[in-house]
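A.B. asks: Number 543 marks the last residue of the sequence shown (my numbering); no jumps. Right, I'll just put the structure down here and ask away after.
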Amino acid sequence: MRSVLLITLCALIAPPALVGGGEGDDASAVRVAMLTYGPDDTTSVCFSDEFIETVRFETSIDARRGFLEARLDDDAVFGHPFAIMTGEGGFALSDDESSRLGAYLSSGGFVLASAGCSNAEWDASFRHELERAMPEHELEKVTLDHELFATIFTIASLESKKPADELAIEVLTVGGRVALVYSPE
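Here you go:
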């Protein structure tokens, strides 16, 4: 999964409105957000930001170290070109959060989403909420010959506890651009 994270960040071409630092940051640094959502500010605490260092080392992308919290119900989410969405257990987005998620993905934002600890309840909720936020788009399974797996490094295989034929990486494409990469693992 670390390779997928690296490739997705490297593949990101952020519109100028979605790039910039906060107070004291380099204004040109790409900021990676950890989305919080729902009435309990749901997110996962076990998602590693280690891939950002690899991006900084292997490319010319100036990515800000670490994740910045971004609430899905706040317009500040649009200040982050790349966002992580993860968690465990069932959840429901408010109408405002759903609308912002759809607007974020449609306006150039990129989301990497993964069910924390392969949580089936989160997977079901995520799929439902994504359909609500982006009803005109569908997640599509991709294979290792997808350009996603050959951006910086060529990824020839993925490892998982599941058999290879059951492993799924899915993408949501908006206007010909991969706007979201999802793994239920």
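Beta carbons are placed, not taken as given, at the ideal position from N, Cα and C, and that holds for glycine. All values reported here derive from a predicted model rather than from experimental measurement.
1. Would A473 pass as a contact of P542 if the rule is Cβ separation under 7 Å?
2. Residues in its own chain within less than 8 Å of P498 by CB, not counting five upstream and five downstream?
3. Does the structure place the region 503-518 close enough to the region 477-493 that three or more beta carbon pairs sit under 8 Å?
4. I'd like to confirm the pairing. Which residues does DSSP put opposite T394 in its beta bridges?
5. Below 6 Å CB to CB, which residues in the same chain sit around R429 once its five sequence neighbours on both sides are set aside?
6. Closer than 8 Å by C-beta to S456: which residues in its own chain qualify, once you throw out the five before and the five after it? Chain order, please.
7. According to DSSP, which residues form a beta bridge with I442?
8. Are the C-beta atoms of F425 and some chain E residue less than 7 Å apart?
9. On the premise that S483 lies in contact with A450, defined as a C-beta separation below 8 Å, what is that separation, rounded to the nearest angstrom?
10. Could you pull out every residue in the same chain whose Cβ sits closer than 7 Å to the Cβ of A434, ignoring the five residues on either side in sequence?
11. Checking the sheet assignment: what are the DSSP bridge partners for E528?
12. Would you mind stating whether L516 and L525 have Cβ atoms separated by less than 7 Å?
C.D. replies: So, from the listed chains and residues:
1. For the purposes of this step, residue 473 is taken as the residue at position 115 of the sequence shown. For the purposes of this step, residue 542 is taken as the residue at position 184 of the sequence shown. A Cβ-Cβ contact shorter than 7 Å links A473 with P542.
2. Mapped onto the sequence shown, residue 498 falls at position 140. A small correction: the amino acid at residue 498 is Glu; Pro does not occupy that position in the sequence shown. Correct list, in chain order: E528, V529, L530 and T531.
3. Too few Cβ pairs lie closer than 8 Å, so no.
4. On the sequence shown, residue 394 is found 36 positions in, with the first residue counted as 1. Looking at the DSSP output, T394 bridges to R429.
5. For this step, residue 429 is matched to residue 71 along the sequence shown. Excluding sequence neighbours, R429 sits near T394.
6. As a first step, residue 456 must be located in the sequence shown, where it is residue number 98. Excluding residues up to 5 positions away in sequence, E487, R490 and A491 lie with their Cβ nearer than 8 Å to the Cβ of S456 in the same chain.
7. Residue 442 sits at position 84 when you count from the first residue of the sequence shown. Beta-bridge pairing links I442 to M392 and L470.
8. Absent from the structure: chain E. Only one protein chain is present.
9. The sequence position of residue 450 within the sequence shown is 92, counting from 1. The sequence position of residue 483 within the sequence shown is 125, counting from 1. Contact between A450 and S483 holds: CB atoms are separated by about 7 Å, below the 8 Å threshold.
10. Here residue 434 corresponds to residue number 76 of the sequence shown, with the count starting at 1. Answer for A434: A428, listed in chain order.
11. Residue mapping note: residue 528 aligns to position 170 of the sequence shown, counting from 1. Within the DSSP bridge table, the entry for E528 names K499 and Y540 as partners.
12. As a position in the sequence shown, residue 516 is number 158, starting the count at 1. As a position in the sequence shown, residue 525 is number 167, starting the count at 1. Going by C-beta atoms, L516 is nearer than 7 Å to L525.
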